[in-house]
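Single-structure report; data block below.
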Amino acid sequence: MSGSSGHGTVLAKICGLTTAEAVGAAVAGGAAFVGFVFFAGSPRDIAPESARRLAQAARGKAKIVAVTVDPDDALIDRLSAILGPDLIQLHGGETPARARDIAGRSGAEVIKAVAVSTQADLDGAADYEAAGARLMFDAKAPAGSPA
0 MSGSSGHGTV LAKICGLTTA EAVGAAVAGG AAFVGFVFFA GSPRDIAPES
50 ARRLAQAARG KAKIVAVTVD PDDALIDRLS AILGPDLIQL HGGETPARAR
100 DIAGRSGAEV IKAVAVSTQA DLDGAADYEA AGARLMFDAK APAGSPA
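Quick note, in numbering that gives the first Met the number 0, the sequence shown goes up one by one and the last residue is 146.
Set out below in structure tokens:
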């Protein structure tokens with residue numbers, strides 16, 4: 000992930016944190032971002048109230064990221080009120096317009112995870128950048144290969 004501190008600057012983001020020890024290790028290790036997953040299908044899913052308690056140790060040292068998959072407005076509102084994330088990461092089928100809406104609704108910056116295996120995948124990412132989202136690229140298996 001590139002940061003605003005300079006073109007090409009690499010910033011570490013540690014996601015899926017569920018314990019105070021993990022948050023402490025991420026911060027001590029220099030993570031610029033600490034992420035909490037809010038998706039029932041993940042083994043690292045965490046309640047917003049628990050994430051708020053854990054995030055207290057990182058505030059001011061690392062940015063707080065709410066990692067979501069196709070979040071509805073109710074979840075965005077709940078995360079905004081309880082956790083107050085600096086960034087909301089989108090991992091689902093959200094459109095560029097939805098990414099812009101989430102940023103406006105929450106007041107948080109948005110990161111869009113883009114699965115990439117072809118040039119077309121990369122080309123489509125520009126629409127999210129134009130909508131104001133940061134980009135995070137995830138590798139995906141090419142068509143026809145095992146996942």
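Yeah, the Cβ is synthetic: ideal placement off N, Cα and C, and Gly gets one too.
Being a predicted model, the structure only gives us computed values, none of them experimental.
Cβ-Cβ separation between residue 31 and residue 10: approximately 4 Å, consistent with a contact (criterion under 8 Å). When secondary structure is reduced to three states using DSSP, residue 93 falls in the coil class, being assigned neither helix nor strand.
Put simply, the region 18-30 does not touch the region 40-48. Fewer than three CB pairs are less than 8 Å apart.
Secondary structure at residue 55: coil, using DSSP grouped into helix, strand and coil.
Note that the region 118-132 does not touch the region 67-80; fewer than 3 beta-carbon pairs, one per stretch, sit closer than 8 Å. Note on geometry: alpha-carbon atoms of residue 93 and residue 85 lie some 19 Å from one another.
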